[in-house]
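Scroll down for the structure; my scribbles are underneath it.
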Amino acid sequence: MRSTLARTQVFIALLIGWIIFGAIVISFTDKEPLHLYLNNFNHPYFDVFFKYGTHLGDGIFAAIIVALGFIYRIRFGVIGLLGLLSSSIITQFLKRQVFDDQLRPSKVFEQMADLHFIDGVNLHSNFSFPSGHSTAAFSTFFFLALIARKPILQVMLFSVGLLVAFSRVYISQHFFEDIYVGGIIGASFTFLASVLLIDMSWGEKGFVELFDTIK
43 MRSTLARTQV FIALLIGWII FGAIVISFTD KEPLHLYLNN FNHPYFDVFF
93 KYGTHLGDGI FAAIIVALGF IYRIRFGVIG LLGLLSSSII TQFLKRQVFD
143 DQLRPSKVFE QMADLHFIDG VNLHSNFSFP SGHSTAAFST FFFLALIARK
193 PILQVMLFSV GLLVAFSRVY ISQHFFEDIY VGGIIGASFT FLASVLLIDM
243 SWGEKGFVEL FDTIK
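The opening residue of the sequence shown carries number 43 in the numbering used here; numbering runs sequentially from there.
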């Protein structure tokens with residue numbers, strides 16, 4: 043655990059701050075009024091930014107990052123893969139089996155003509171809680187922080203992960219509590235994967251270096 047904490051202490055500190063802040067927000071607000079309040083803060087530039095930025099929470103992007111992890115070091119690739127898969131499975135189980143009755147903002151507010159939507163965004167109706175994109179984003183960017191290590195890079199990676207998660211609220215795919223819990227799941231399971239594997243001696247070489255050795 044010490045190795046993981048040492049590598050990601052800045053990211054984890056920011057995550058703890060976010061967890062505390064989010065818990066306070068959720069404790070003192072209802073999700074519908076909060077979403078309507080946040081929905082008021084829109085701008086054409088933000089529409090474009092979040093419309094495309096939200097794709098950094100896609101499984102395809104996460105898979106690419108994990109693949110690059112295998113090129114860096116096989117052990118790190120396994121950490122990224124285990125963290126992403128385990129967190130995604132938990133999120134999908136909660137989304138589809140436990141909280142399958144949770145509707146998305148577009149369905150909850152479908153009678154509201156003045157709710158801000160973004161052209162070209164295909165909005166879903168069901169399986170709102172928790173957010174799968176937020177899970178993937180925080181899993182991916184925590185994994186990158188594990189590799190990057192430098193404090194400034196960890197700040198940047200956490201910020202990008204948070205923006206990707208918030209994009210789900212901005213484009214009205216999710217409520218705040220959806221991205222909050224999804225993000226915690228993503229970071230937590232990747233943290234656990236790192237704790238289990240980071241100090242093991244195998245997998246020091248990346249795929250490219252390994253192939254060169256075999257030759």
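Where a beta carbon is used, it is the ideal one built from N, C-alpha and C, also for glycine.
Rounded separation between residue i and residue j - CA only
i, j, result
"S214", "I194", "31 Å"
"L47", "D156", "46 Å"
"I116", "E246", "6 Å"
"A178", "T133", "10 Å"
"S176", "F112", "23 Å"
"S129", "G174", "9 Å"
"H85", "S167", "24 Å"
"A109", "M43", "24 Å"
"L98", "A104", "8 Å"
"D220", "L239", "29 Å"
"R210", "F171", "12 Å"
"D143", "F169", "7 Å"
"H77", "M242", "44 Å"
"R138", "R191", "35 Å"
Collapsed DSSP secondary structure at residue i in the structure displayed
i, result
"I102", "helix"
"N82", "coil"
"F159", "coil"
"E12", "Nothing about residue 12 can be read from this structure; the chain reaches only from 43 to 257."
"E152", "coil"
"D259", "Nothing in the structure corresponds to residue 259, since the chain is present only between 43 and 257."
"H166", "coil"
"P172", "coil"
"R49", "helix"
"F141", "coil"
"R117", "helix"
"R44", "helix"
Does the segment 227–236 come close enough to the segment 81–93 that 3 or more CB-CB pairs lie under 8 Å? no
Between the segment 167–185 and the segment 194–208, are three or more C-beta pairs nearer than 8 Å? yes
Complete runs of the alpha helix (DSSP H) confined to the segment 174–243 [at least 4 residues]: 174–190, 193–212 and 218–239
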